[in-house]
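In our numbering, the protein residues as written are 125 to 292. Yeah, the Cβ is synthetic: ideal placement off N, Cα and C, and Gly gets one too. Predicted model, so just to flag it, every value in this text is computed and none were measured. So the structure is just underneath, and the comments pick up after that.
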């Protein structure tokens, strides 16, 4: 607190940096399939659409989930572009998948959906790398599994009541 202070901009800076790197990783991944100009338009649209998420009170974990999703996609990019076995892609994907699992529960569901979609674009001979990184990430998440199950059995947020019929 005394080193950096508690100003709003310094409190939000790590989330802005994380989401900015996430956008860059998304750009690098989609650059495999799209031209640079299309990727730039995608990056601009993502930036404007994603801008509101890190600036809300409840969505702070999403900036890091976005970063780790981009990191996972960067690992998949390396998996797709290198012809031989590239162990760094497995390491990058494992760090990304693990970070997603620890970031947020909905991000974990998205990561599962993303991994299933990636099976359609990753060649079958490279599936083992993708599955190995996901399996290692699952093992690294096991110490947190009891906490996750406890949270999921609480039946909602606990402190935030469900919306009424006239909430809109």
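(request) May I have a chain-ordered list of the alpha helix (DSSP H) segments no shorter than 4 residues that lie completely inside the segment 237-268? (result) For the segment 237-268, whole alpha helix (DSSP H) runs of length 4 or above, ordered along the chain, are 251-265.
(message) Once the 5 residues before and after residue 204 are set aside, which same chain residues still bring their CB inside 7 angstroms of it?
(response) Numbered from 1 along the chain shown, position 80 holds the residue referred to as residue 204. Around residue 204: 156, 246.
(message) Using only the alpha-carbon positions, how far apart do residue 160 and residue 275 sit?
(response) Stepping through the chain shown from its first residue, residue 160 is reached at position 36. Stepping through the chain shown from its first residue, residue 275 is reached at position 151. Cα-Cα distance, rounded: 42 angstroms.
(message) So, under 8 angstroms CB-CB, residue 193 and residue 224 are touching, yes? Tell me the CB distance rounded to an integer number of Å.
(response) Stepping through the chain shown from its first residue, residue 193 is reached at position 69. Stepping through the chain shown from its first residue, residue 224 is reached at position 100. Right, their Cβ atoms sit about 6 angstroms apart.
(request) Take the Cβ of residue 182 as the centre, count every other Cβ of all protein chains shown within 10 Å, and call the residue buried at 16 or more, exposed below. (result) Residue numbering aside, residue 182 sits at position 58 when the chain shown is read from its first letter. Reliability fails at residue 182, whose pLDDT of 49 lies under 50, so the model's placement of it is uncertain and the value that follows must be treated cautiously. It counts as exposed.
(message) Quick check on the DSSP output: the alpha helix (DSSP H) that includes residue 225 runs from which residue to which?
(response) By 1-based counting over the chain shown, the position of residue 225 is 101. Its alpha helix (DSSP H) spans residues 211-227.
(message) Using the three-state DSSP reduction, which class does residue 146 fall into: helix, strand or coil?
(response) In the chain shown, the residue the question calls residue 146 occupies position 22. In this structure, residue 146 counts as helix in the three-state DSSP scheme.
(message) Residues in the same chain with beta-carbon distance under 7 angstroms from residue 221, minus the five sequence neighbours each way, listed in chain order, please.
(response) Locating residue 221 in the chain shown gives position 97, where the first residue counts as 1. So the list reads 196, 235, 257, 258, 261, once near-sequence residues are dropped.
(request) Give a yes or no on whether the C-beta atoms belonging to residue 190 and residue 146 are separated by under 8 angstroms. (result) On the chain shown, residue 190 is found 66 positions in, with the first residue counted as 1. On the chain shown, residue 146 is found 22 positions in, with the first residue counted as 1. In this structure, the beta-carbon distance from residue 190 to residue 146 falls below 8 angstroms.
(message) With a threshold of 8 angstroms between beta-carbons, can residue 237 be considered close to chain E, or not?
(response) Note that chain E does not occur in the displayed structure, where there is just one protein chain.
(request) Using the Cα positions of residue 198 and residue 187, report the straight-line distance between them to the nearest angstrom. (result) Indexing the chain shown from 1 puts residue 198 at position 74. Indexing the chain shown from 1 puts residue 187 at position 63. Each residue's Cα considered, the two are about 16 angstroms apart.
(message) If distances are taken between C-alpha atoms only, which option among 242, 200, 228, 164 comes closest to residue 216?
(response) Indexing the chain shown from 1 puts residue 216 at position 92. Per the Cα distances, 200.
(message) Beta-carbon within less than 6 angstroms of residue 172's beta-carbon, same chain only, minus the 5 sequence neighbours each way: which residues are those?
(response) By one-based count along the chain shown, residue 172 stands at place 48. Here the set comprises nothing.
(request) Leaving out five residues on either side along the sequence, give the residues of the same chain with a beta carbon under 7 angstroms from the beta carbon of residue 219. (result) Along the chain shown, one-based indexing puts residue 219 at 95. Closer than 7 angstroms at the Cβ level, and outside the excluded window around residue 219, lie 195.
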